[in-house]
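Remarks on the structure that follows.
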């Protein structure tokens, strides 16, 4: 056993190994028969530890300390040993904890672990940080990696890492490894998350921990200074933050449509005719509700994109921020789509189970009995047959397209396609899926919208309510497909602004090959406009000068702002003033004129 309680330290073991290695004969014949004790390994592991070979090959590897003997500490020690590091575990009761760690890790006192290692993992709960205060002189100048997590989301601070830094001001604290579970450490990067978020006020210490992460098989992610530790500690405590609104919306829609179907298909026949249809509630009513939710949720995936496009058309610019609710909606479209796919898949399963119900068998027998009683030899109805064939076929196609969208939304799949391929699948095929799902619903409804018997309690059939939103989205998309609309939207998203009155040419237009030509008359006019600038130009002057200036440049194609906006912020003309001794107004004028000359040359 590699432990101080057994009387052998790391350095002594290395010395013994090297000494015995040099004393071994080079050939068996030099010493005759090998003694029995020499036939066995010098250090015998418990059950043949799989980390022994890695440790023996890295005798000169740096020593990593771990303060704490919990589950995370044990998994961390195993992973460090497997990565070729020498590990010293500091414990308040080393003799009791030694059996819990691999043989290659030395379990010793906290003081000795702190003195031997330059980089230590603090694997104790935050409320126990005070027990380490006695180690403050020993830990001075060393790197402490805080792996703790909070019990609840902390919005105000300070974080656990900041508290540790306050307790040990002479040490360097690095926050990290708190998003990695003990299971992921024990099994390696092939299971669980591979990213390790790191932050610290010391770049050198952070780089050292990042190298350790890479050697352990994980991917370090630099999160900046130690002030980011609060965000890192809150990260494992979030419970699907981006899924709350989509899931809540799904549940609300399901509840509303289920109650509507209950009133329309179960309650109304019971009140009006005393017909008991309550047996439909577990399967049939649910099966009618699920596709309604799926179609509305799928429409909600593409509705925010349309709203954003029409807002940009209305504003005439892409530089104005969307409302907060629309911005959040746009970032949650993936979750809306996956909820839609879930409802559609459940609808398919419920539909396949409909013939297996006892009620369906009874209905089939009753229908056959009535047909025999009425002496009907052929009950074939061509219209109903075609409607059902088309209805089922289109539904299968819609589900297939939704499945493709769901699969490509997985990070492992989306990372293998480029942006054009991803956009084609999620946008073009997505609208195809929405169209097929809408057509599936229309075929289901057929002519029921014109049948007065379908309006129970004067309420229209469910499919009529469901179709409102997806048809609106499809019509809105058709409007944006119009050449006049699509071209203007493309110009806006390339940087064109309506309020600036700028001549704008798309890169793919014929005759465009770079900066536009500007005549001497236009240049002198621009120079004269510049001369009337005040210390701080008003909006009209800025807009006028902007237009003249952009006529001499490539235009705002790449989203870049013109240079003269910089001196509005009192940066560049101050440099001119210092260099040439000009007044503010003259400096501003000279600067813009020089910029215009550069554009013309």
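Residue numbers (the UniProt record's numbering): 1 to 601. For each residue, glycine too, the CB sits at the ideal point set by N, CA and C. Just so it is clear, the structure is predicted and the values come from calculations on it, not from any experiment.
Given that a residue counts as buried once 16 or more other Cβ atoms are within 10 Å of its Cβ, and exposed if not, what is residue i?
{"i": "residue 386", "result": "exposed"}
{"i": "residue 293", "result": "buried"}
{"i": "residue 415", "result": "exposed"}
{"i": "residue 157", "result": "exposed"}
{"i": "residue 64", "result": "buried"}
{"i": "residue 419", "result": "exposed"}
{"i": "residue 264", "result": "buried"}
{"i": "residue 206", "result": "buried"}
{"i": "residue 153", "result": "exposed"}
{"i": "residue 279", "result": "exposed"}
{"i": "residue 141", "result": "exposed"}
{"i": "residue 484", "result": "exposed"}
{"i": "residue 440", "result": "buried"}
{"i": "residue 274", "result": "exposed"}
{"i": "residue 220", "result": "buried"}
{"i": "residue 428", "result": "exposed"}
{"i": "residue 450", "result": "exposed"}
What's the C-alpha gap between residue i and residue j?
{"i": "residue 184", "j": "residue 367", "result": "60 Å"}
{"i": "residue 160", "j": "residue 148", "result": "7 Å"}
{"i": "residue 322", "j": "residue 302", "result": "16 Å"}
{"i": "residue 262", "j": "residue 240", "result": "32 Å"}
{"i": "residue 394", "j": "residue 327", "result": "33 Å"}
{"i": "residue 410", "j": "residue 230", "result": "28 Å"}
{"i": "residue 338", "j": "residue 363", "result": "36 Å"}
{"i": "residue 605", "j": "residue 445", "result": "Residue 605 is absent from the model: the chain starts at 1 and stops at 601."}
{"i": "residue 482", "j": "residue 313", "result": "13 Å"}
{"i": "residue 436", "j": "residue 476", "result": "17 Å"}
{"i": "residue 354", "j": "residue 290", "result": "14 Å"}
{"i": "residue 325", "j": "residue 442", "result": "31 Å"}
{"i": "residue 200", "j": "residue 232", "result": "12 Å"}
{"i": "residue 113", "j": "residue 138", "result": "10 Å"}
{"i": "residue 89", "j": "residue 218", "result": "22 Å"}
{"i": "residue 163", "j": "residue 487", "result": "56 Å"}
{"i": "residue 473", "j": "residue 447", "result": "23 Å"}
{"i": "residue 216", "j": "residue 70", "result": "20 Å"}
{"i": "residue 299", "j": "residue 248", "result": "16 Å"}
{"i": "residue 331", "j": "residue 463", "result": "29 Å"}
{"i": "residue 470", "j": "residue 345", "result": "19 Å"}
{"i": "residue 166", "j": "residue 133", "result": "11 Å"}
{"i": "residue 102", "j": "residue 82", "result": "10 Å"}
{"i": "residue 266", "j": "residue 238", "result": "41 Å"}
{"i": "residue 203", "j": "residue 131", "result": "28 Å"}
{"i": "residue 68", "j": "residue 181", "result": "16 Å"}
{"i": "residue 86", "j": "residue 77", "result": "9 Å"}
{"i": "residue 271", "j": "residue 383", "result": "32 Å"}
Rounded C-beta distance between residue i and residue j? I'm assuming under 8 Å.
{"i": "residue 498", "j": "residue 316", "result": "3 Å"}
{"i": "residue 296", "j": "residue 466", "result": "6 Å"}
{"i": "residue 489", "j": "residue 309", "result": "6 Å"}
{"i": "residue 341", "j": "residue 246", "result": "About 12 Å separates the two Cβ atoms, so there is no contact after all."}
{"i": "residue 398", "j": "residue 348", "result": "About 10 Å separates the two Cβ atoms, so there is no contact after all."}
{"i": "residue 135", "j": "residue 116", "result": "That belief does not hold up - the Cβ atoms of residue 135 and residue 116 are roughly 12 Å apart, past 8 Å."}
{"i": "residue 84", "j": "residue 105", "result": "Between residue 105 and residue 84 the Cβ distance is about 13 Å, and since that is not below 8 Å, they are no contact."}
{"i": "residue 318", "j": "residue 492", "result": "5 Å"}
{"i": "residue 236", "j": "residue 276", "result": "About 52 Å; that fails the 8 Å criterion."}
Checklist entry - With a cut-off of 8 Å, do at least 3 Cβ pairs link the stretch 373-381 to the stretch 275-291? => result no
Next on the checklist: Quick test of the definition: if touching needs 3 or more C-beta pairs under 8 Å, does the stretch 448-459 touch the stretch 403-423?
Outcome noted: Taking 8 Å as the limit for Cβ pairs, the verdict is that the stretch 403-423 does not touch the stretch 448-459.
Next on the checklist: Would you call the stretch 170-186 in contact with the stretch 253-266, where contact means no fewer than 3 C-beta pairs closer than 8 Å?
Outcome noted: no
Next on the checklist: Closer than 8 Å is the cut-off here; do at least three beta carbon pairs connect the stretch 241-252 with the stretch 218-232?
Outcome noted: Pairwise C-beta distances place the stretch 241-252 out of contact with the stretch 218-232, as fewer than three of them are shorter than 8 Å.
Checklist entry - Can we say the stretch 128-146 touches the stretch 203-220, given the rule of at least three CB pairs closer than 8 Å? => result Contact holds: three or more Cβ-Cβ distances are below 8 Å.
Checklist entry - Using 8 Å as the threshold, is the stretch 114-129 in touch with the stretch 95-105, meaning 3 or more CB pairs across them? => result no
Checklist entry - Quick one: complete beta strand (DSSP E) runs, 3+ long, within the stretch 102-164? => result 106-109, 119-122 and 143-146
Item to check | Those runs of the alpha helix (DSSP H) which lie wholly inside the stretch 445-504 and span at least 4 residues | outcome: Counting only runs of 4 or more, we get 462-466, 468-481 and 483-493.
Checklist entry - Fully enclosed by the stretch 217-259, which alpha helix (DSSP H) runs are 4 residues long or longer? => result 229-234
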